[in-house]
Each structure stands twice: as structure tokens, then as C-alpha cells.
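Here the sequence shown stands for residues 1 to 554, numbered as in UniProt numbering.
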Amino acid sequence: MPTVSAHVARTLAQHIDHVFGVMGNGNAWFLDALERSTRARFTAVRHEAGGVVAADAHFRASGRIAAATATYGAGFTNALTALAEAAQARVPLVLLAGDEPTSGPRPWDVDQIALAAAVGARTYTVGRADAAATTVIAIEHALTYRVPVVLAIPYDVAALEAGPVPDAPELTLPGPMAPAGPFDAAAITDLARHLADAERPLLLAGRGAWLAGAGEALGDLADATGALTTTTALGRGVFRDGRYDLGVAGGFGAEGAMALVRAADVAVVLGASLNQFTMRFGELFAPGTRVVQVDIAPAATHRHVGGFVRGDAALVARALVEELRTLRAKPSGWRETVDVAAARSYETGPADGIAPDGRLDPRTVAHRLAGLLPADRVVVSDGGHFIGWANMYWPVASPNRMIMVGTAFQSIGLGFPSVAGAAAARPDDVVVLTTGDGGGLMALADLETAIRTAGGRGIAVVWNDAAYGAEVHVYGRLGITEELMRIPETDFGALAAAVGAEGVVVRSLADLDRVASWAAEPVTGRHFLLVDCRVSASVVAPYQEEILRENGVR
């Protein structure tokens, strides 16, 4: 007879096609049932945090929910940082975990329900009579509220016989949030009138707009208003017409582009939370700009917002286009008067790529790599000082091609396992990881995972400055001993070669030629490529300078 674990595995596999994790005592029966009786794929990672990270990246790259799995106790606590990141970033996933017996905790057990709640994840615990139903409820909760959930199997329940597995019911999920009532209708009409009268309209979209499938509607709204467009870091590529797009708003933005944002007289923000980095710590918009936010949040998320419409970004955008047609509004014509390409240009550093300290200037390296990496890339990013380089210099075609796991929780060390999730989600694309030496060493257990899962479709760029760069730039300026922030220079190329990849150490721009020849080779005939870029720690990313100024550090 099927066990409780089989009930969970078969029900989960009706709605989730990929599971990432590490096998242990608490989840062995579940993984056995998953492997024997379902079509769901299991990818083994080498650290429990990596399983959650891979499931997180899988959703961001595909829009399909995935699961992670870990054993109880130490396996569960190993996953907490990644679980906190998913909760902060509002990423739906299921962490299937073993748990203490129903008879009570053993000496090595911890209160996993309390730990999960502390980082923002709800726990659903299965029993002998309700395992399938509880599994469905957990998946529905994750997708409805866009959060991670823990699905716990008590140790003494996992192998109990539970009878035939019931048919998995269809998920019941809410539809898009439509503006409702006379107040929302009046707010949309009022916003349409302001857009019709605007001389310099601007649209800013975030990941929420992408999740709402608002790309076409946003394009129609931009055309109807003649607006310039800009996005958050996680919304890059959501607008269909790149000719009038200013790139990323905030600290990753080019100065010329951000000057145009401040020149806007009406700005509509759709599906973006307006965090401190997007808002440049309150300096993104000019005081005279009328800022209206469209979001499914209960209220505006920044004090500079002067108007708010609660609703799905796609539905509100379409409603605005209809109102503009009713008003017989004409496009402003502003975007045709602007040289967007010039406004979006960044400093590219010295022509030879060498900084004053003799190491490579990361700006020049990033600019050169932009022309060498495959155009249809999926970029996955670890956290650290270096995050500015990919966001500034490597454009992507759509928001699901820029995966930043770690930044919501301000974590580092989640980069290598992100590759596994993105590679599984997008099996035909090249996955490019951008990581630092600090985060790279922290995630080293899953270097092998990245190489094994991506193979010839994977490339990692390590910004190796022999330091925790963000700490050097902040605390070094405050006079704290920099020796504490330095890392012995590590040969990542050799580490990669030891687990089956090709490693290239880059000390000059000419060394990057291997990236071009690698990209030209057939995927089946090449290895995962790790590019160990020995860059200068003296070059500070513009977004980091912004943070320093905000904190009074000169």
C-alpha cells in the first residue's frame, strides 16, 4: 500500500515537475516515492540552502513553481537563509522537509515551525489521513500569496501506509485583481487625464508587471502616451520597444537616463515596490513630478507616491488605454525628442582595461563581456558589490532572464546553486552566473552542482578582487582595519577544473577571447566555462557610491 510519503510525492508531482535538494533520514521515503512513482525530476544539490535557491531560481526563470527538499534538524536549518530570501522576494516554492515525530522532539530536533515562521514561511504538516489534501493546500498557499511554504512530514508518519492515493484536485487560485468600485474607476479616469495632459510622461515597471503578463498592455500604454519607459532591476525587458527605454531605474541607471526620469511631469509606476535602491534613496523623481502607483499591495509603498490604484498591472494598463481613447488623447511626442542611446551610456573605464593598481577595471571587463556572451543568455546573479556590473552592462531580453537570488535578503553565497534552477527551467538557453570571490567561496559546495546541471550551457564570471568589496568600500573608508575584509586570492579556474569545468584566469582583456571562442563552439562539445576575472577593488560601482552618500560616508 502507498505510504504517507507516496501520497505527498504523487500529489506534489501533479503540480510541480522539479524538485531540488539533499537526501537525508527525514525525506528518504519521500524521495524514493518521487523517483519510483512520478515523472517529476529530482536534482541533487550539495548543500540544503542550494535546494531552496535552485527552486527559487526555477520559478523566477520559468514562472513555474518548484520544490526543494531537506531532512530535519541540521538539514532544515541549513536551508533557512535561502528560505528567508524567497520570503523577502515573494517567490512561491515548497520546501518539503522531514520533521520531529508526532510523539515529540528528540534531542537533536529543533522547533522548525517557529524557525520557518521567523523568516516568513508558513508550515503545513501532513498526517496519515490528509497527506494529499494538505499537499494541495500548501501549493495553493504558495501560489496565492507568492510566498514559500514548508510542507513537513513527521518522522514517525513518513513510512506509514495510507491507502490508495486520491486523485489530486485542481488548484483553486485567485484571478488577477481587477480595480473595483467607483473610487478605483475615478482614480483611473483621473490618471488618464493627467497622462493625456502630460508633456513628459514616464512609465516605470517592475517584476510585478511581468508576473501579471502586462508586457503588451504596457507597450500599448507607452505608445498611447508617448512615454519614455524604465524598469526596476528585476523588470528589465518588460517593455516591448527598447528604443524608448531608459534601462534600469535607480543606482544601476545611467546618469543621463536618470536625469530624464527626473524631468518627467507624470510618472506611472506599475508592479514595482519602489524600494530604496530603485528610488535612489528618494532622489529618483523630482519634487514636482506627479507619481501614481499601480499595484496589488493594499496601499502605496513610498511616501513620494501621490496617487494609488490597486489592481493588476495588465488590467489597469488596458483600462488606461481605453480611457485615453475615450479622451481622444494624443501621444506627447516627448520620447521622439530624446537621444535614448546617449542617455543610457555608461563609463567603460580605460581602453586597455587596467586600473591604476594594475588589476583589471571591472567596468571595461563588463563592457567587453557584453559583446562576447550569447545574446539569448539567462543571467543569474549572486549578491555582492559586483552586482552593478551585470545590471549596468549586460542587457537581457525579458525579466525572466535576469535572476537575482540573494539581493532581497542582502545575502551572498547563493550564486552557484541558482545555476541549477535556471538551467532546469530553461533547458535550451545559456546560463551566465555573475558572482564575487567572497560569495563564490561561500557557495563552493554547489560549484559542482552548477557544472553538472548546466554543462556546456553554463558560464560563470567571478569578479575576483581578493576582498569583500562592499565592506572595503564602506568600512574601509570609516577606518576599520581592511585586513579583516581581505580574502587570499583564490584560483577559481583551478577549482572549476577540479570538478569538470574549464577554468580561465583573466588578467588582461585579451584573455577574454576564450569567451568568444567558447560561445562559437557547439554546446555538446564544450565544458562549463568559469572565467576568473582578477579585477581591481579600487573601482567602486555607482550604486555603492549612492549608498555611501546616503550613509554619510565620503
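In this text, a Cβ means the ideal position worked out from N, Cα and C, and glycines have one as well.
If one requires a minimum length of 3 residues, the beta strand (DSSP E) runs lying completely within the segment 12-68 are 18-21, 41-44, in chain order. Residue state for Asp130 is assigned as coil, using DSSP reduced to three classes. Cα atoms of Gln14 and Ala152: separation of roughly 18 Å, rounded to the nearest angstrom.
The beta-carbon distance between Ile403 and Gly383, rounded to whole angstroms, is 12 Å. This is too long to meet the 8 Å contact definition. Taking all protein chains in view, the Cβ of Leu433 is crowded by 16 or more other Cβ atoms within 10 Å, so the residue is classified as buried. Nearest to Ala6 by alpha-carbon distance, out of Pro522, Val19, Glu35, is Glu35. Taking 8 Å as the cut-off, the Cβ atoms of Thr435 and Ala460 count as close. DSSP places Arg363 inside the alpha helix (DSSP H), whose first and last residues are 362-372.
Sequence-distant partners of Ala300 (beyond 5 residues in either direction) whose C-beta falls short of 6 Å from its own C-beta, in its chain, are Gln293, Phe308. Within the same chain, Cβ atoms closer than 6 Å to the Cβ of Asn400 are found at Ala61, the five residues on either side in sequence being excluded. The continuous beta strand (DSSP E) containing Tyr124 extends over residues 122-125.
Under DSSP, Asn464 shares a beta bridge with Arg534. Taking Val472 as reference, the option from Arg486, Val462, Trp463 with the minimal CA-CA separation is Arg486. For the options Asp130, Thr81, Val149, the alpha carbon positioned closest to that of Ile139 is the one of Val149. The segment 185-203 makes contact with the segment 265-277, as at least three CB pairs between them are under 8 Å. Looking at Ala317, Gly311, Gly388, the one whose alpha-carbon comes closest to that of Tyr346 is Gly388.
Glu48 sits away from Ala28, with the two beta carbons spaced by 8 Å or more. In the displayed model, Val515 falls within a helix according to three-state DSSP. DSSP places Leu204 within a strand segment (E or B) once states are collapsed to three. For the pair of segments examined, the segment 159-170 was found not to touch the segment 180-196: the number of CB pairs separated by less than 8 Å stays below three. Excluding residues up to 5 positions away in sequence, Tyr124, Val126 lie with their Cβ nearer than 6 Å to the Cβ of Thr134 in the same chain.
Pro176 carries a coil assignment under DSSP once its states are collapsed to helix, strand and coil. Contact annotation, Gly215 with Leu234: C-beta distance approximately 14 Å; criterion of less than 8 Å not satisfied.
The segment 316-334 makes no contact with the segment 281-293; the number of CB pairs closer than 8 Å stays below 3. Counting the other Cβ atoms within 10 Å of the Cβ of Asp312 gives 16 or more, which makes it buried.
The C-beta separation of Val4 from Arg106 comes to about 19 Å, leaving the pair out of contact by the 8 Å criterion. Secondary structure note for Arg310: its beta strand (DSSP E) is the uninterrupted segment 307-310.
Contact between Ala450 and Phe416 holds, with the beta-carbon distance rounding to 4 Å and staying under 8 Å.
Inter-residue distance for Asn391 and Pro101 is about 46 Å (C-alpha atoms, whole angstroms). DSSP, read as helix, strand or coil, puts Pro154 in strand.
The three-state secondary structure of Val431, taken from DSSP, is strand.
Measuring C-alpha to C-alpha distances from Asp352 to each of Leu228, Phe30, Ser508 identifies Ser508 as the nearest.
Pairing Arg328 with Met258, the inter-Cα distance amounts to about 30 Å.
Just measuring C-alpha positions, the residue of Asp429, Val462, Ile547 sitting nearest Pro522 is Asp429. Annotated as proximal: Phe528 and Ala501, with beta-carbon spacing under 8 Å. Around the C-beta of Thr326, fewer than 16 other C-beta atoms lie within 10 Å, and the residue is accordingly described as exposed.
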